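Residue numbers (the UniProt record's numbering): 1 to 414.
Virtual Cβ for every residue (Gly too), placed ideally from N, Cα, C.
Computed from a predicted model, the values in this text were never measured in an experiment.
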């Protein structure tokens with residue numbers, strides 16, 4: 001028998017993959033802090049070290065297990081459906097594989113192919129939906145998920161946008177883990193500032209509740225991409241004339257306010273807006289300076305943290321502890337143009353002579369155009385209408401086994 005452990009500590013022997021969810025470390029970001037002239041202690045909460053590779057593993061595990069306890073999910077009968085930008089889908093695919101539920105994910109076209117392939121590897125079925133479709137549209141990933149639920153017997157949408165187990169997962173695990181890590185350090189043992197991006201809002205809301213219990217003076221800073229409407233005051237969300245409102249960063253930002261994003265006064269103290277260019281630059285900086293293979297939303301969190309700290313001298317205080325949420329890793333974005341284009345060697349000139357840098361850049365650029373796709377758009381698997389119809393027809397009379405939907409495969413939406 002494995003030795004008893006705290007629920008904040010990962011066991012040395014896992015009963016299954018879900019035991020590897022969470023329990024992620026804080027990592028000092030001293031090199032990045034020095035490069036930006038930051039006096040505060042910067043720590044990244046490295047969520048790509050969770051079993052499924054992101055912070056969303058936590059909510060997926062809790063939503064599935066609680067739904068099963070509540071009788072909402074019935075083994076051998078229920079089918080799970082979820083609209084997601086990808087990471088919740090991966091977490092759900094992990095949980096559904098362990099618990100034996102078939103899973104259908106509705107995913108906007110802009111989300112990376114890596115996310116889709118990971119979910120498929122874990123047994124999920126995917127329907128791509130138009131990125132531009134508004135959340136209330138029947139063609140959006142939310143709209144399509146609802147239509148599938150109506151069409152498929154025993155289907156359940158766990159609904160990360162409204163499910164209280166989303167923020168609760170972070171209040172009970174993410175926040176306490178951060179507190180325990182900071183309290184293990186010498187000197188200041190308080191979390192003074194917490195910075196996180198917001199998508200559904202569950203991460204920042206639940207973690208903030210836990211951190212404010214630990215230190216009522218903890219400042220919580222929300223990060224929202226330009227083009228999203230989550231930030232407060234609402235004037236922050238007004239676009240400039242030349243801005244089209246589209247953003248490439250995945251997993252944060254929405255065109256509506258999810259129910260689980262708390263507007264409780266004093267919970268999220270301030271908001272900052274970020275640009276894709278700054279977010280993706282911070283991804284590269286973090287890789288080169290801290291050797292952390294983070295994803296785009298992590299870059300946004302870092303960009304937001306630096307923006308907030310630099311905005312006023314009294315915010316950056318020597319000895320204070322600033323924890324930045326790093327929601328996922330680079331695995332999900334290896335072929336996205338914002339990352340792949342940065343591998344052509346254009347940054348080499350800083351450390352090499354112009355002649356050598358030019359030669360290396362040319363070789364790498366020539367290789368790049370043959371080895372990586374220049375097309376960043378992910379084509380739809382099928383037209384949404386055809387996909388919904390195909391799933392509804394296929395599911396009629398199909399038996400649901402404990403390992404998946406018998407007879408449903410890729411052909412159903414091809």
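- Beta-bridge partners assigned by DSSP to residue 116: none are found.
- Contact annotation: the stretch 285-296 does not touch the stretch 305-321, with fewer than three C-beta pairs closer than 8 Å.
- Distance check between residue 157 and each of 67, 134 and 322 places 67 closest, using alpha-carbon atoms only.
- Three or more Cβ pairs closer than 8 Å define a contact, and the stretch 327-335 meets that threshold against the stretch 37-54.
- DSSP, reduced to helix, strand and coil, places residue 28 within a strand of the structure shown.
- Unbroken alpha helix (DSSP H) runs of no fewer than 4 residues, entirely contained in the stretch 107-188, are found at 113-121, 141-151, 165-169 and 175-183, following chain order.
- In this structure, the straight-line span from the alpha carbon of residue 254 to that of residue 164 is close to 19 Å.
- For residue 339, the uninterrupted alpha helix (DSSP H) segment begins and ends at 337-340.
- The C-alpha of residue 276 lies about 43 Å from the C-alpha of residue 76.
- A Cβ-Cβ separation of about 5 Å places residue 207 in contact with residue 174 under the 8 Å criterion.
- The residue from 96, 260 and 319 with its alpha-carbon nearest to that of residue 188 is 319.
- Residue 279 and residue 306 have their C-alpha atoms roughly 11 Å apart.
- If you draw a straight line from the Cα of residue 119 to the Cα of residue 334, it comes to about 16 Å.
- Secondary structure of residue 49 (DSSP, three-state): helix.
- Three or more Cβ pairs closer than 8 Å define a contact, and the stretch 97-107 falls short of that threshold against the stretch 33-40.
- The alpha-carbon of residue 219 is positioned some 11 Å away from that of residue 271.
- In the structure shown, the three-state DSSP call for residue 273 is strand.
- Counting only unbroken stretches of 3 or more residues, the beta strand (DSSP E) elements lying wholly within the stretch 253-299 are 270-274, in sequence order.
- Rounded to the nearest whole angstrom, the C-alpha separation of residue 72 and residue 154 is 10 Å.
- For residue 260 against residue 201, the beta-carbon gap comes to about 5 Å, under 8 Å, which counts as contact.
- Taking every protein chain shown into account, the CB of residue 32 has 16 or more other CB atoms within 10 angstroms, so this residue is buried.
- In terms of CA proximity to residue 190, 215 leads the group 228, 215 and 203.
- Look at residue 219 here: in three-state DSSP terms it is strand.
- For residue 63, the uninterrupted alpha helix (DSSP H) segment begins and ends at 56-69.
- One Cα belongs to residue 317, the other to residue 210, and the distance between them is close to 23 Å.
- Across the set 217, 137 and 22, the C-alpha of 137 shows the shortest separation from the C-alpha of residue 385.
- Only residues of its own chain outside the window of five on either side were considered, and among them 26, 27, 28, 29, 181, 182, 321, 322, 323 and 324 have a CB closer than 8 Å to the CB of residue 43, listed in chain order.
- DSSP, reduced to helix, strand and coil, places residue 315 within a helical segment of the structure shown.
- Around the beta-carbon of residue 301, 16 or more other beta-carbon atoms lie within 10 Å, marking it buried.
- Residues of the same chain with a CB within less than 8 Å of the CB of residue 8, apart from the 5 flanking positions on each side, are 23, 173, 176, 177 and 180 in chain order.
- Comparing C-alpha distances from residue 169 to each of 285, 63 and 10 shows the shortest one belongs to 63.
- The beta carbon of residue 236 lies closer than 7 Å to those of 271 and 273 in the same chain, with the five residues before and after it left out.
- Nearest neighbour of residue 230 by Cα position, chosen from 392, 58, 197 and 240, turns out to be 197.
- Of the candidates 228, 126, 223 and 285, the residue whose Cα lies closest to the Cα of residue 268 is 223.
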